[in-house]
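Protein chains in written order, with the numbering used here: chain D, 12 to 128; chain E, 12 to 128; chain F, 12 to 128; chain P, 12 to 128. Backbone N, C-alpha and C fix where the C-beta goes; we use that ideal spot for every residue, glycine too. Okay, so here's the structure we're looking at.
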């Protein structure tokens with residue numbers, strides 16, 4: 012059974028091929044497109060308080076859902092273009108973070124800004 | 012069988028819970044963290060030509076792989092925080108794009124910048 | 012008397028010329044570099060509360076100052092590369108926003124996310 | 012004579028005050044808004060070749076001009092909110108880069124990606 016990210020990558024390959032858009036989909040261009048989409052996503056949250064961001068009204072949530080989808084599409088397409096297994100890369104990073112941030116030492120730590128990575 | 016994005020979301024939930032970092036993981040903060048990681052990814056490509064970006068040297072590729080992993084981690088965590096099915100959102104967007112960009116009309120079109128979305 | 016942004020643009024022209032880096036400073040590349048620097052700036056604020064972001068500790072403030080400087084450098088360089096008068100562009104946008112957002116109608120409005128632009 | 016960035020900062024202070032929007036203009040929120048605007052700017056360049064990006068058609072140039080203006084507005088407003096002299100910060104960074112990147116050593120270097128900073 013093919014996994015969901017691989018299926019998305021295949022759909023995107025076919026989408027680009029059918030429109031002869033592969034010429035535009037260089038890793039450099041795709042990184043820019045990803046950045047533009049993340050900008051739209053961030054803009055949805057920019058004037059919200061932390062609380063409001065955790066309780067989106069239906070209209071905002073619908074737009075956020077669309078932007079999250081866009082971001083994943085470009086992320087999958089970019090990973091495919093450079094030959095990276097996206098899921099493997101994320102799990103490897105999380106393995107690393109689990110070792111790096113000891114749960115006891117970093118518990119609730121706000122001093123050191125807690126990154127996922 | 013649980014899919015790979017759902018497994019990642021669950022690993023991230025447990026990762027945050029074990030460190031009491033849920034307090035930091037508001038949608039607003041996660042959108043910012045995602046944006047910061049995408050900035051690091053874009054920086055890898057900024058001085059490369061289109062051709063160079065499609066033929067990364069091993070050191071750059073390793074860094075790009077790490078950044079792609081970071082971006083997916085925050086993207087999955089953010090989608091989870093707002094209750095969005097990431098894979099469903101991406102497939103819905105791609106469905107929409109397939110309808111919107113007729114393969115014949117938009118074939119190889121550089122006039123209208125071809126977005127995925 | 013030359014204004015400060017024009018002086019910065021001239022310093023940057025000379026900086027690039029002296030290193031033969033003009034070849035890398037296409038508008039496309041400079042837009043990416045700007046995006047990368049803004050990502051670093053955003054990362055400084057990502058885990059802070061609104062209150063904390065308004066009361067930065069000296070170390071964070073020093074880093075933020077450096078990032079703000081980097082962002083202005085690339086912004087000035089990009090505007091110069093495309094032949095845009097940056098100060099004129101900003102004042103024109105602010106003129107437009109003053110007309111568009113009537114002070115009475117939009118007073119304290121949180122409903123409609125208040126953009127500067 | 013007041014300099015142009017200080018004049019912009021003062022106009023923005025008055026703009027926010029008149030609309031009671033100061034409550035939204037925390038450094039954290041302004042960093043996000045800046046990021047969103049840079050995303051729009053990057054999107055203008057994403058499908059262009061390096062050559063095309065250096066020869067924008069009038070419509071694209073007009074949009075780029077608007078986006079450059081937006082970016083400067085938020086950058087000035089953010090610097091003002093954290094009490095940073097933007098022009099001083101940029102010149103200090105450029106001083107540092109002039110020392111760091113010796114013109115002879117780094118001449119035309121593509122090996123080491125040439126940053127401004």
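- Listed in chain order, the positions of the region 25-40 of chain F with a beta carbon within less than 7 Å of a beta carbon of chain E are 35 and 40.
- Annotation: residue 95/E is outside any alpha helix (DSSP H) and is labelled neither H nor E by DSSP.
- Contacts between residue 90/F and chain P, judged by CB atoms closer than 7 Å, involve 79 in chain order.
- Leaving aside the five residues that flank residue 46/D on each side, none in its chain has a CB nearer than 6 Å to its CB.
- In the three-state scheme derived from DSSP, where H, G and I count as helix and E and B as strand, residue 51/F is classed as helix.
- The C-beta of residue 92/E has 16 or more other C-beta atoms within 10 Å across all chains shown, which makes the residue buried.
- Under the three-state reduction of DSSP output, residue 66/F falls in the coil class, being neither helix nor strand.
- Proximity of chain E to residue 46/P at the Cβ level (cut-off 7 Å) is accounted for by 46, in chain order.
- Assignment of residue 114/D by DSSP, reduced to helix, strand and coil, places it in the coil class.
- Short of 7 Å from the beta carbon of residue 90/F, and not among the five residues preceding or following it, lie these beta carbons of its own chain, in chain order: 97.
- Below the 7 Å Cβ cutoff, chain P contributes 95 and 100 as neighbours of residue 76/F, in chain order.
- Distances from the alpha-carbon of residue 65/P to those of 42/F, 102/F and 21/F put 42/F closest.
- With contact defined as three or more Cβ pairs closer than 8 Å, the region 27-37 of chain E and the region 28-38 of chain F are not in contact.
- At a cut-off of 8 Å, the C-beta of residue 69/E has no neighbouring C-beta in chain D.
- Within chain F, the residues 43, 44, 46, 47 and 50 have their CB atoms less than 9 Å from the CB of residue 53/E, given in chain order.
- DSSP places residue 33/P outside any alpha helix (DSSP H), giving it a letter other than H or E.
- Distance between residue 112/P and residue 49/P, taken at the CA atoms: about 27 Å.
- With contacts defined by Cβ atoms closer than 8 Å, residue 87/E and residue 20/E form a contacting pair.
- Excluding its 5 nearest sequence neighbours in each direction, residue 23/E has C-beta neighbours in its own chain below 8 Å: 84, 87, 88 and 91, listed in chain order.
- Taking C-beta separations shorter than 7 Å and ignoring five residues to either side along the sequence, residue 105/D has no partners in its chain.
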